[in-house]
Each structure stands twice: as C-alpha cells, then as structure tokens.
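Remember, this note's numbering sits 444 above the position in the sequence shown when you count from 1.
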Amino acid sequence: MPGTTDPRYYLPQEPADPGAEDLTIQETAWVLGMGVRTARLLYREAGFERGQRKKIMTSPAER
C-alpha cells in the first residue's frame, strides 16, 4: 500500500555510539528516554531544520 511506513520507524533505537557526532531521531529518542513522536515534536518546536534528504539528524548541541 502506498504511503505506509515501517512500524520500526517509530520505535527508539539504541545507537551504536551514543556519543557520535550525529544521531538519527530514533537514536536521539532512545538516548533521551522518550518516544520518537515526542522527540520529533520537540525537535520541530525548537526550530531545528531537517537535513538535505529530509532526514532528521541531531548534533550533541541539539541534544
């Protein structure tokens, strides 16, 4: 079905290196102990921009 998303997209994911320069929103949610939807909402409310490929990556300063 077009437009469906893999359910794992909404699950926090443990990063291989929590101190890495950039983490995905799923890894950031895991580090902060919250859901991906909550992390995404807070990220957007803070006014941070998405990357060129529309993938949300967070830096240590943003975390």
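Backbone N, C-alpha and C fix where the C-beta goes; we use that ideal spot for every residue, glycine too.
query                                                                                                                             : result
First and last residue of the uninterrupted alpha helix (DSSP H) at residue 413                                                   : This structure leaves residue 413 out entirely; the chain is present only between 445 and 507.
Beta-carbon contacts of residue 502 that lie in its chain and below 6 Å, excluding the five residues immediately before and after : 467 and 472
Buried versus exposed call for residue 483 [16 or more other C-beta atoms within 10 Å across all chains shown]                    : buried
Cut-off 7 Å between Cβ atoms - residues of its own chain near residue 459, not counting five sequence neighbours on either side   : 467, 471, 474 and 475
Range of the contiguous alpha helix (DSSP H) that encloses residue 470                                                            : 469-476
Span of the alpha helix (DSSP H), counted from its first residue to its last, around residue 489                                  : 480-489
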